[in-house]
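Oh and the sequence shown: position 292 is 293 in this note's numbering, straight run, nothing missing.
Here is the structure we will look at, set down as structure tokens.
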Amino acid sequence: MRQGEKPLLDPVSPPATLPGLLEAADVNKRIRIDWAWVLILGAQTTRPCFPGCQCEVETFGLFDSFSLTRVDCSGLGPHIVPVPIPLDTAHLDLSSNRLETVNESVLAGPGYTTLAGLDLSHNLLTSISPTTFSRLRYLESLDLSHNGLAALPANSFTSSPLSDVNLSHNRLREVSVSAFATHSQARALHVDLSHNLIHRLVPHPTGAALPTPTIQSLNLTWNRLCTVPDLQGLPLRYLSLDGNPLGAIGPGAFAGLAGLTHLSLASLQRVPQLAPYSFRQLPGLQVLDLSNNPKLKWAGTEVFSGLGSLQELDLSGTGLVPLPEMLLLHLPALQSINVGQDVRCRRVVREGAYPRQPGSSPKVALHCVDTRESAARSPDIL
């Protein structure tokens, strides 16, 4: 044996036992499994980036066969634009840079046209043109919140297959639904227009060149809408009108929104008048939030007529107490109601001492609990 060469068997070390060998094999197996998950789910590394920016690379697949780069150039100032970015950049953060303008030429350089996500929030933008984002044909997420945008041109996002647009906290007054129409209508679109000055939504015109926007979630909280906007034709499933100065809500207010499953009308700034059959055209509605409307009064249980699918009703912080005796008859699918202050009621079926006669209806009750005191109240038999 040559000097420095280790023997195949170390005479000093004790011989390996069978349990020890099995334990070592099990550890090696777990290590291989853990590494396999790392290779499949992805890993994060950094790469050289423009001074002041941070570039984070996410790799996916076996042997890091696929990678995407997230570039963060936030908080650097307006001089940062246009900033060179890697060609494989998937998400670019340009927030908090005091940007006053962003035009098509800025977003047309290498690496920009293949962006999937763009964050322009917390800047000083006051306007965009119909062509600002025309080169971003793969853009899925766009954040323009916390700017000073006063108008939104029609066909603003025609070229981008967007699934999420955040326009909250701007100065928009009138918005056309057509602004969100795109050539690619395959994916559901979530639009946040909350905390603006919107007093009118212009409906998408019939026979327009572009199809109706596929908006499934629309947040219009804390605007200046005095009436429920005309949203007919939109495939809405979620709609929030919280904090608006809505007045009367009549039987046709939600026409054309049969697919809506979640409606929020909380904290309205006027005394809302709910007419009978106000929600009759929402047969698929599952959640209705009327909370924090202290001056809201009953206009008859017919207000809830037609809500055969409603499961959750929030009446907390309203004047809608006590609950009418016939309420559950109009809401056959209802499971829970929030009323008063921190009182939650659940639907229960009361069986009598004797078997129910064929054809008779079960006795339904609301069992209410004050969540602050965790003390059960006596159920109201309806």
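In this text, a Cβ means the ideal position worked out from N, Cα and C, and glycines have one as well.
Minimum C-alpha distance to residue i - residue among the options
i, options, result
"Asp315", "Pro323, Ile338, Leu332", "Ile338"
"Ala384", "Pro284, Glu303, Pro295, Leu311", "What the structure shows of the chain is the stretch from 2 to 383, and residue 384 is not part of that stretch, so it cannot be assessed."
"Met327", "Thr228, Ser306, Gln217, Thr114", "Ser306"
"Val192", "Leu221, Thr319, Leu173", "Leu221"
"Thr215", "Leu125, Thr159, Leu226", "Thr159"
"Val176", "Asp165, Asn167, Ala151", "Ala151"
"Val272", "Gly285, Ala259, Gly260, Ile250", "Ile250"
"Tyr239", "Thr319, Ala259, Leu247", "Ala259"
"Ala182", "Tyr278, Asp144, Arg225, Pro236", "Pro236"
"Asp290", "Ala300, Ser128, Tyr139, Val340", "Val340"
"Trp299", "Gln274, Arg225, Phe280", "Gln274"
"Glu374", "Val103, Gln342, Asn245", "Gln342"
"Phe280", "Ile129, Pro246, Leu261", "Leu261"
"Cys54", "Leu219, Pro85, Thr60", "Pro85"
CA-to-CA distance, residue j to residue i, given in whole angstroms
i, j, result
"Ser292", "Val58", "45 Å"
"Ala155", "Leu163", "15 Å"
"Val344", "Leu367", "12 Å"
"Pro83", "Gly118", "17 Å"
"Asp35", "Phe67", "In this predicted model, Asp35 has a pLDDT of only 47, less than 50, meaning its place in the structure is not dependable enough to derive any value."
"Gly76", "Glu313", "43 Å"
"Gly112", "His123", "23 Å"
"His200", "Arg48", "47 Å"
"Gly110", "Leu137", "11 Å"
"Leu69", "Val107", "21 Å"
"Leu330", "Ser310", "12 Å"
"Val370", "Asp165", "39 Å"
"Thr90", "Arg99", "22 Å"
"Gly285", "Val350", "23 Å"
"His80", "Pro87", "19 Å"
"Cys50", "Cys56", "6 Å"
"Tyr139", "Gly78", "26 Å"
"Val72", "Ala334", "48 Å"
"Asp144", "Thr102", "15 Å"
"Gln336", "Tyr278", "21 Å"
"Asn224", "Val365", "40 Å"
"Arg347", "Ser241", "24 Å"
Distance CB(residue i)-CB(residue j) smaller than 7 Å
i, j, result
"Ser142", "Glu105", "no"
"Ala180", "Ser161", "no"
"His1", "His170", "Examination of residue 1 is not possible in this model, given that the chain is present from 2 through 383 alone."
"Leu332", "Leu308", "yes"
"Gly253", "Gly234", "no"
"Val229", "His263", "no"
"Ala267", "Asp243", "yes"
"Asp120", "Ser96", "yes"
"Leu173", "Asn197", "yes"
"Leu297", "Gly318", "no"
"Val178", "Pro212", "no"
"Leu126", "Leu93", "no"
"Pro246", "Gln270", "yes"
"Leu194", "Leu168", "yes"
Residue i classed as buried or exposed, judged by whether at least 16 other C-beta atoms fall within 10 angstroms
i, result
"Val39", "Confidence in Val39 is poor, its pLDDT being 39 and thus under 50, which makes the residue's placement too unreliable to answer from."
"Thr372", "exposed"
"Ala189", "exposed"
"Val217", "This sequence places Gln at residue 217; Val is not what is there. By the 10 Å Cβ count, Gln217 comes out buried."
"Phe255", "buried"
"Cys227", "exposed"
"Thr133", "buried"
"Ser265", "buried"
"Val322", "exposed"
"Asp11", "Bear in mind that a pLDDT of 41 at Asp11, under 50, signals an unreliable position, so the number given afterwards is only what the model happens to contain. Classification of Asp11: exposed, given that the 10 Å Cβ count is below 16."
"Ile41", "Only weak support is given to the placement of Ile41: the predicted model assigns it a pLDDT of 38, under 50, and the value that follows is read from those uncertain coordinates. Under this definition Ile41 is an exposed residue."
"Ser130", "exposed"
Residues bridged to residue i (per DSSP)
i, result
"Cys369", "Cys346"
"Asp73", "Gln55, Asp94"
"Gly341", "Ser317"
"Tyr239", "Ser218, His263"
"Asn167", "Asp144, Asp193"
"Arg48", "Cys56"
"Ala249", "Gln274"
"Ser303", "The sequence as given places Glu at residue 303; Ser does not occur at that position. Per DSSP, none; premise fails for Glu303."
"Gly110", "Answer is none; Gly110 lacks a bridge partner."
Any non-hydrogen atom of the ligand GDP closer than 6 Å to residue i Cβ
i, result
"Tyr239", "Within the structure as shown, the ligand GDP is missing, as the structure has no ligands at all."
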